[in-house]
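Notes follow the structure.
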Amino acid sequence: MPPRTQVAIIGAGPAGLMLGALLARHGIASVILEARSRTYIEHRIRAGVLEQGTIDAMDEAGAGARMHQQGLVHEGTILRFGGRSHRIDFRALTGKAVMIYSQHELVRDLVAVRIAAGDPLELEVEDVTLDGIETRKPCVRFRRAGQPHELACDFIAGCDGFHGVSRAAIPADRLRVFEHDYPFGWLGILADVAPSSPELVYAHHDRGFALLSMRSPSVSRLYLQCAPDEDLAAWSDDRIWSELAIRLGADDFTLATGPITQRSVTPMRSFVAEPMRHGRLFLAGDAAHIVPPTGAKGLNLAIADVRLLAEALAAFYGRGDATLLDAYSELCLRRVWKVERFSAWMTQLLHRHDAPPGAELGHRLQLAELDYVTSSHAAATTLAENYVGLPLR
Ligand code: FAD
Ligand code: DHB
Numbered sequence: 050m051p052p053r054t055q056v057a058i059i060g061a062g063p064a065g066l067m068l069g070a071l072l073a074r075h076g077i078a079s080v081i082l083e084a085r086s087r088t089y090i091e092h093r094i095r096a097g098v099l100e101q102g103t104i105d106a107m108d109e110a111g112a113g114a115r116m117h118q119q120g121l122v123h124e125g126t127i128l129r130f131g132g133r134s135h136r137i138d139f140r141a142l143t144g145k146a147v148m149i150y151s152q153h154e155l156v157r158d159l160v161a162v163r164i165a166a167g168d169p170l171e172l173e174v175e176d177v178t179l180d181g182i183e184t185r186k187p188c189v190r191f192r193r194a195g196q197p198h199e200l201a202c203d204f205i206a207g208c209d210g211f212h213g214v215s216r217a218a219i220p221a222d223r224l225r226v227f228e229h230d231y232p233f234g235w236l237g238i239l240a241d242v243a244p245s246s247p248e249l250v251y252a253h254h255d256r257g258f259a260l261l262s263m264r265s266p267s268v269s270r271l272y273l274q275c276a277p278d279e280d281l282a283a284w285s286d287d288r289i290w291s292e293l294a295i296r297l298g299a300d301d302f303t304l305a306t307g308p309i310t311q312r313s314v315t316p317m318r319s320f321v322a323e324p325m326r327h328g329r330l331f332l333a334g335d336a337a338h339i340v341p342p343t344g345a346k347g348l349n350l351a352i353a354d355v356r357l358l359a360e361a362l363a364a365f366y367g368r369g370d371a372t373l374l375d376a377y378s379e380l381c382l383r384r385v386w387k388v389e390r391f392s393a394w395m396t397q398l399l400h401r402h403d404a405p406p407g408a409e410l411g412h413r414l415q416l417a418e419l420d421y422v423t424s425s426h427a428a429a430t431t432l433a434e435n436y437v438g439l440p441l442r
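Per this note's numbering, the sequence shown runs over residues 50 to 442.
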């Protein structure tokens, strides 16, 4: 008999680790299989804005202590265009706020909780394959240190990101895919310098979008719109800082510079695969959908999926009730599409679109929309309620 568990979780990103932690709280056993090493997953620089629902999930997982100590609560954000700043006051408009806390710190906290509980986390596994997902006895096969292993389970959670194997295990004729690749990307940097603004600045500029964000009172995170295949070698530190200073420029603003400690180019994509369930396989997070990062939603959407999945599995194991499992895909997708909409809208609103004809008209329409969003209470509320996070259902 191969070893068995209740839920086999593929991937130890935010989705997989959070699912494992929430299941443990309900007394449901899981094994997490991860292709990378602990050092790798704990240092992968990605998102940094947490919605209230993500903060609540960290607390429920028993992993929130460091986040509350070190996270920075932000009650608003700045939209900058035409060289002027306009604040969107999340607290006044929605009663809510967001928290700045790095994705890799969240991963570290969830790994620590898992290891302290002694729950299985198999790292550096290879050749993961999913079997029998259309039966009541699915099974995951993999290799570790060259040795073959087999894990029998009741359910498989595909939390292995966009390039994982889980989505591909669903027969192509059962999956519908919606996809758009944007004709631009983000050049992102981390720098050892205090953030030049107490709140994030989303800047619309003739030369392209720029974003000022942060990780702590002494570390800044900044992004510049660039080509999707931008050559990083063409960007000296000086060029990066001077381009950021131009695009983020405003009368009352000076951009402080410092040593750049990390840099990368991220392509931008909108992607949804439907349905998010096939037989006993449930997809969650980037395995099922991708948003362009402009609304800071990717990580939060992944956590929202697994909150619903954990609740559904708890109902199944606790009361023998499969209603929520059956509704999982539909419930998630209703929210996913709204977040896709918001992310695409923020992206379209703030980026430079070069494709003629109509580029000049499009540019003026963007400025009119920015003016509207920052002067109409109703429009500002729409932005704010999406940014702080829509209800789980
Ligand atoms: P992931 O974090 O991708 O985790 C999947 C895990 O599965 C990984 O650990 C991977 O190693 C593992 N895995 C993959 N294949 C296998 C396999 N075959 N077997 C076992 N394990 C496997 N979002 C924002 O909101 N703001 C940002 O600024 C931002 N920046 C980003 C920058 C980059 C470069 C990327 C790629 C994404 C960024 N995102 C950002 C999106 C956000 O980080 C993701 O939405 C989030 O990581 C999704 O979490 P996840 O757990 O679903 O997937
Ligand atoms: C960050 C990333 C985002 O995509 C965003 O919209 C805001 C902040 C960040 O990495 O800090």
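Note that CB positions come from ideal geometry on N, CA and C, so glycine has one too.
Bear in mind the structure is a predicted one, so any value in this text is a computation, not a measurement.
- Annotation: I137 is outside any alpha helix (DSSP H); the continuous beta strand (DSSP E) that includes it extends over R133 to D138.
- Contact between A64 and C202 fails: their C-beta atoms lie close to 17 Å from each other, not under 8 Å.
- Secondary structure remark: continuous alpha helix (DSSP H) runs of at least 4 residues inside the segment 151 to 227, in chain order: 152 to 166.
- In the DSSP annotation of this structure, the continuous segment of the beta strand (DSSP E) that includes R270 starts and ends at V268 to C275.
- Around the beta carbon of I81, 16 or more other beta carbons lie within 10 angstroms, which makes this residue buried.
- At a Cβ-Cβ threshold of 8 Å, C188 and L170 do not count as neighbours.
- Going by C-alpha positions, G144 is about 12 Å away from G438.
- Taking 8 Å as the cut-off, the beta carbon of I104 is found no closer than this to the beta carbon of Y366.
- Between the alpha carbons of E279 and W235 lies a gap of roughly 9 Å.
- DSSP links Q397 through a beta bridge to no other residue.
- In the DSSP annotation of this structure, the continuous segment of the alpha helix (DSSP H) that includes L72 starts and ends at P63 to R74.
- When DSSP states are grouped into helix, strand and coil, G60 belongs to the coil group.
- Pairing F233 with H254, the inter-Cα distance amounts to about 15 Å.
- Here I339 is buried. Its C-beta has 16 or more other C-beta atoms within 10 Å.
- Bounds of the alpha helix (DSSP H) holding M116 are A114 to Q119.
- Runs of the beta strand (DSSP E) spanning 3 or more residues and lying entirely within the segment 299 to 325 occur at 309 to 323, in chain order.
- S291: member of the alpha helix (DSSP H) spanning D286 to R296, first to last residue.
- A check of alpha carbon separations from H198 across E175, A217 and H212 identifies E175 as the nearest.
- C-alpha of H402 to C-alpha of I137: approximately 24 Å in a straight line.
- Assigned with DSSP and collapsed to three states, P342 falls in helix.
- In the structure shown, G234 adopts extended strand secondary structure according to DSSP, grouped into three states.
- Taken through DSSP and simplified to helix, strand or coil, T431 comes out as helix.
- A336 sits close to F211, with the two beta carbons spaced by under 8 Å.
- Collapsing the DSSP output to three states places R53 in a strand.
- The closest heavy atom of ligand 1 lies less than 7 Å from the beta carbon of D335.
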